[in-house]
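One structure below.
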Amino acid sequence: MHPLLRFEYKYIIPYARLEELRVRIAAFAHRDPHVRSTGEYTVRSIYFDSADLECYQLKVAGVKRRNKVRLRGYNQGEGQRKVFFEIKKKVDEPLYKNRAGLPYELALQLLRGQPFRPEQYGAVIKASDLEDAQKFLYHIFARKLQPVVNVIYEREPYQFKIDPENDLRITFDKNLRAVRAPGIDELFVEKQPVMVMRGHFIMEVKFNRYLPGWVRQLVVSMGLKKGPASKYTLCLDALRRASELDYKLSTGRWQMGKMR
Numbered sequence: 000m001h002p003l004l005r006f007e008y009k010y011i012i013p014y015a016r017l018e019e020l021r022v023r024i025a026a027f028a029h030r031d032p033h034v035r036s037t038g039e040y041t042v043r044s045i046y047f048d049s050a051d052l053e054c055y056q057l058k059v060a061g062v063k064r065r066n067k068v069r070l071r072g073y074n075q076g077e078g079q080r081k082v083f084f085e086i087k088k089k090v091d092e093p094l095y096k097n098r099a100g101l102p103y104e105l106a107l108q109l110l111r112g113q114p115f116r117p118e119q120y121g122a123v124i125k126a127s128d129l130e131d132a133q134k135f136l137y138h139i140f141a142r143k144l145q146p147v148v149n150v151i152y153e154r155e156p157y158q159f160k161i162d163p164e165n166d167l168r169i170t171f172d173k174n175l176r177a178v179r180a181p182g183i184d185e186l187f188v189e190k191q192p193v194m195v196m197r198g199h200f201i202m203e204v205k206f207n208r209y210l211p212g213w214v215r216q217l218v219v220s221m222g223l224k225k226g227p228a229s230k231y232t233l234c235l236d237a238l239r240r241a242s243e244l245d246y247k248l249s250t251g252r253w254q255m256g257k258m259r
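According to numbering that gives the first Met the number 0, the sequence shown is numbered sequentially starting from 0.
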């Protein structure tokens, strides 16, 4: 499956301005149909990286071409516990994403190096998902990536149907927290989470082709500043500050748990 091309702008904003933003976008917005009665859902992502934290180091260095590899799930994994293998590639400004939706049990089998059995899951897995899953697993095993951190937050999402081809979405990502060195079977487990940016949330503006004029006006009138806001790097930095990691600056090596 061809990767999805998107543009993504991020803003770190104090919670004191959240209600103002809600009011300002209300005339244009529709609530995402996937939200719970609270108007939000929980996003959980286990990020994978090499022993020398190549993905993290490339992001910090500002390298234009880089990628992130993550296992993503939502809420508490209710129902069939569907999860997603995701490769998020950055090529200067646009982002490309490969995404494969799989039952969690199958995802765990594949991450443990067990073969895919068509007789067990073939009827419920799309061919495009299998193709993207193969790309994901290539990164995991060829680059010897390991689970580094579980990045967790609540997302308050809004959709805008003025131009479906542009697919504008705005999200408020709140209560960002990190769990160190999770096992691959701990996507829905929160062991001793470390809070990140307690006084701020992240607004993400995503679109396919252009940033609408009313969004530009909103950003300018509120004095919002677009900038880097990688949740992966924010969480790793927070864990380091909290002394939750065995991170040796002299060698850049990371003491990580193994897949289990």
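Note that the Cβ used here is the ideal one computed from N, Cα and C, for glycine as well.
Span of the alpha helix (DSSP H), counted from its first residue to its last, around residue i
| i | result |
| --- | --- |
| Leu107 | Tyr103 to Leu110 |
| Ala126 | Ala126 to Ala141 |
| Val219 | Gly212 to Ser220 |
| Val22 | Leu17 to Ile24 |
| Val195 | From DSSP, Val195 is part of no alpha helix (DSSP H); its letter is neither H nor E. |
| Ala60 | Glu53 to Ala60 |
Nearest-angstrom Cα separation, counted from residue j out to residue i
| i | j | result |
| --- | --- | --- |
| Pro117 | Ile201 | 41 Å |
| Asp172 | Asn207 | 20 Å |
| Ser127 | Asp51 | 32 Å |
| Gly100 | Pro32 | 19 Å |
| Lys81 | Ile161 | 30 Å |
| Gln216 | Phe84 | 36 Å |
| Pro163 | Arg240 | 42 Å |
| Asp190 | Gly212 | Checking the displayed sequence, the identity of residue 190 turns out to be Lys instead of Asp. Spanning the two alpha carbons is a distance of roughly 43 Å. |
| Pro227 | Val214 | 19 Å |
| Pro102 | Lys125 | 12 Å |
| His29 | Asp166 | 12 Å |
| Ala132 | Arg5 | 20 Å |
| Ile12 | Tyr120 | 43 Å |
Residue i burial status per 10 Å Cβ neighbour count (16 or more: buried)
| i | result |
| --- | --- |
| Met194 | exposed |
| Pro181 | buried |
| Gly72 | buried |
| Leu3 | exposed |
| Ala60 | exposed |
| Lys58 | buried |
| Thr170 | buried |
| Lys230 | buried |
| Val123 | exposed |
| Leu248 | For Leu248, the predicted model reports a pLDDT of 37, less than 50, meaning its position is unreliable; a value from the coordinates is still stated below. When all chains shown are included, Leu248 counts as exposed. |
Inter-residue CB distance, residue i and residue j (contact presumed, cutoff 8 Å)
| i | j | result |
| --- | --- | --- |
| Gln108 | Phe47 | Not really, about 17 Å apart at Cβ, beyond 8 Å. |
| Ala177 | Val150 | 6 Å |
| Tyr10 | Lys224 | 7 Å |
| Arg168 | Lys143 | Between Lys143 and Arg168 the Cβ distance is about 34 Å, and since that is not below 8 Å, they are no contact. |
| His261 | Val68 | What the structure shows of the chain is the stretch from 0 to 259, and residue 261 is not part of that stretch, so it cannot be assessed. |
| Lys89 | Arg111 | At roughly 29 Å, the Cβ-Cβ gap does not stay under 8 Å, so Lys89 and Arg111 are not in contact. |
| Thr37 | Asn74 | Actually they are not in contact, since the Cβ atoms of Thr37 and Asn74 sit about 11 Å apart, beyond 8 Å. |
Bridge partner(s) assigned by DSSP for residue i
| i | result |
| --- | --- |
| Leu4 | Tyr95 |
| Arg43 | Gly72 and Ile151 |
| Thr170 | Pro156 and Glu203 |
| Pro114 | None; Pro114 has no bridge partner. |
| Asn66 | Lys88 |
Continuous beta strand (DSSP E) stretch holding residue i: start and end
| i | result |
| --- | --- |
| Pro156 | Gln145 to Gln158 |
| Glu85 | Lys81 to Val90 |
Residue-chain proximity (residue i, chain D), Cβ-Cβ < 8 Å
| i | result |
| --- | --- |
| Arg168 | The structure shown has no chain D; it contains just one protein chain. |
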